[in-house]
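A.B. asks:
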DNA sequence: ACCTGAACACCGTTCAAGT
DNA sequence: ACCTGAACACCGTTCAAGT
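Protein chains in written order, with this note's numbering: chain A, 4 to 228; chain B, 4 to 228.
(1) Pick from 117(A), 181(A) and 161(A): whose alpha carbon is nearest that of residue 175(B)?
(2) Can you give me the C-alpha to C-alpha distance between residue 84(A) and residue 64(A), rounded to a whole angstrom?
(3) Within 10 Å of its beta-carbon, does residue 8(B) have 16 or more other beta-carbons around it, so buried, or fewer, so exposed?
(4) Check whether the segment 79-93 of chain B and the segment 15-25 of chain B touch, using three or more Cβ-Cβ pairs below 8 Å as the test.
(5) Once you ignore the five residues that flank residue 244(B) on each side, which residues in its own chain have a CB closer than 6 Å to its CB?
(6) Under 9 Å between C-beta atoms, does residue 8(A) make it to chain B?
(7) Mind checking whether residue 81(A) and residue 70(A) have CB atoms under 9 Å apart?
(8) Give me the subset of the segment 138-149 of chain A whose CB atoms are less than 9 Å from a CB atom of chain B, sorted by chain position.
(9) Can you check the segment 86-117 of chain B for any beta strand (DSSP E) of at least 3 residues that lies completely inside it and give the ranges in chain order?
(10) Any beta carbon from chain A within less than 9 Å of residue 76(B)'s own beta carbon?
(11) Return the chain-ordered ranges of every beta strand (DSSP E) run that is complete within the segment 162-198 of chain A and spans a minimum of 3 residues.
(12) How is residue 83(B) classed by DSSP in three states: helix, strand or coil?
(13) Identify each residue in the segment 181-204 of chain B for which the Cβ-Cβ distance to at least one residue of chain A is less than 8 Å, and report them in chain order.
(14) At a CB-CB cut-off below 7 Å, which residues of chain A make contact with residue 152(B)?
(15) What does residue 114(B) touch in chain A if you count any residue whose Cβ is under 8 Å from its own?
(16) In whole angstroms, what separates the C-alpha of residue 88(B) from that of residue 177(A)?
(17) Quick one, which of 53(B), 6(B) and 10(B) has its alpha-carbon nearest residue 29(B)'s?
(18) Compute the Euclidean distance between the alpha carbons of residue 199(B) and residue 6(B), then round it to the nearest angstrom.
(19) Considering only residues of the same chain and omitting the five flanking positions on each side of residue 149(A), which have a CB-CB separation below 8 Å?
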């Protein structure tokens, strides 16, 4: 039976869930598909291209349907969707973070973030910066969230931070607060800080009334709430 | 001449600068040191342990000397130092982000972030969350900053986003604004958003007067300086 | 104690040859 | 057009044997 690109990506994601990113080899992907390793190169030029296709598949559904509500609520929804999509597959965050795809799902996701910021009155140049900054946070958080799962499965988590931290109380408490927290709550908390920071740099007018000079471009920032 | 651990790390970092993380192999590290690959395992149990030691070396000097000034200025200094250290070696950000070290330089860096937040009245549990969130941003930004350098050297940057973005104007402008910006300015901008978000959740009192109820926790805030 | 030399069990990728 | 079978040039890691 002939292989299609979709079959290859599906088989690769199945293997990813079973063995993790470090166990994802072209030979094993081929084995999952009942084929020799060389055959994969008829469909993807190399492993990197296959990983790009996997990443594009993983972020399906981040950008659509378009979120509604206030701009910050929209960003919460989008960031939350991105995290959930990354969590759907083992090492999903590492897979997507390691690629720079410009395919439809990835672009739709990016556009949704930009639109939300646009609705807040942020000009496209600054919206680009902010969108990337937001994604750094989402990826960083989710990569670490999944790393803890991997370490826990290997019996290496939680680590004895009390000893490792050199008995410095503040460091011990801080590391423990991260290790023991509900990941969703911690994710929401950090995201909220970021959104508050954006809000502090948006003229209040942009949410309720016509525009005023915009601190995001030139002038000094002023608090809006 | 006998090898010491420091020699191995120094040779590995030299090779990292020459070939990048993907070209960093135990065999090549050994070659740099004029030794056979197996000899390295007398000093580090495996490649991961060597990478941990490299990461620990890279972040030397982030936490010390202790930064001074207002809490947010301290965090700017620390985040800036971390970025500069990561930029010192090719793929430095990827190397450090891929490790979870609990050695002295790494701990000192973490403690400096926690102290800065503590001086703003943030309790250690929340300071831990915030410190991790800040580091996600710094690593995400710097990994991408270095990725652009790598792509540029390979002649694959800047990519033709105009075509790739499917001609959506907002996406094109946003991606271009990121690609063409001064990385240091973009870094400072996103960091400032984050710091403003923290400030928005700290009682104003914590910076000028005695405590008032603290939205960061259930309990009242405590001034620490 | 530290290193060599050689091996083991893998990788990603290529490519003539088959169907 | 798609796949096999075999090869090439590598990996990380181990370990008896040397010094």
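Idealized CB from N, CA, C, for every residue including glycine.
C.D. replies: So, from the data block:
(1) What you label residue 175(B) is simply residue 172 of the second chain in a count that begins at 1. Among 117(A), 181(A) and 161(A), the Cα nearest to that of residue 175(B) is on 117(A).
(2) In the first chain, the residue the question calls residue 84(A) occupies position 81. In the first chain, the residue the question calls residue 64(A) occupies position 61. Between residue 84(A) and residue 64(A), the C-alpha separation is close to 8 Å.
(3) Position 5 of the second chain holds residue 8(B). With fewer than 16 Cβ atoms within 10 Å of its Cβ, residue 8(B) is classed as exposed.
(4) Result yes; three or more Cβ-Cβ pairs closer than 8 Å.
(5) In the structure displayed, chain B extends from 4 to 228; residue 244(B) sits before or after that span and is not available.
(6) By one-based count along the first chain, residue 8(A) stands at place 5. In terms of beta-carbon proximity, residue 8(A) stays away from the interface with chain B, with every pair separated by 9 Å or more.
(7) Position 78 of the first chain, counting from 1, holds the residue named residue 81(A). Position 67 of the first chain, counting from 1, holds the residue named residue 70(A). Yes, these two residues count as a Cβ contact at 9 Å.
(8) Hits within the stretch, in order: 138, 139, 140, 141, 142, 143, 144, 146 and 147.
(9) List check, beta strand (DSSP E) in window: nothing returned.
(10) The count along the second chain starts at 1 and reaches residue 76(B) at position 73. With 9 Å as the cut-off, residue 76(B) does not count as an interface residue toward chain A.
(11) The segment 162-198 of chain A is shown to contain no whole beta strand (DSSP E) run of 3 or more residues.
(12) Along the second chain, one-based indexing puts residue 83(B) at 80. Per DSSP, reduced to three states, the secondary structure at residue 83(B) is helical.
(13) Taking 8 Å as the Cβ-Cβ cut-off, the segment 181-204 of chain B approaches chain A at 181, 184, 189, 192, 193, 195, 196, 197, 198, 199, 200, 201, 202, 203 and 204, given in chain order.
(14) Along the second chain, read from residue 1 onward, the residue named residue 152(B) stands at position 149. Within 7 Å Cβ-Cβ: nothing; residue 152(B) doesn't reach chain A, min ~13 Å.
(15) The count along the second chain starts at 1 and reaches residue 114(B) at position 111. Neighbours of residue 114(B) on chain A, chain order: 171, 173 and 174.
(16) Position 85 of the second chain, counted from the first residue, corresponds to residue 88(B). Position 174 of the first chain, counted from the first residue, corresponds to residue 177(A). Residue 177(A) has its alpha-carbon roughly 23 Å from the corresponding atom of residue 88(B).
(17) Here residue 29(B) refers to the residue found at position 26 when the second chain is read from its first residue. Looking at the Cα atoms, 53(B) is the closest of the given residues.
(18) Within the second chain, residue 199(B) is the residue found at index 196, counting from 1. Within the second chain, residue 6(B) is the residue found at index 3, counting from 1. Cα to Cα, residue 199(B) sits roughly 49 Å from residue 6(B).
(19) Your numbering for residue 149(A) matches position 146 in the first chain. These residues qualify, in order along the chain: 89, 90, 93, 94, 95, 96 and 97.
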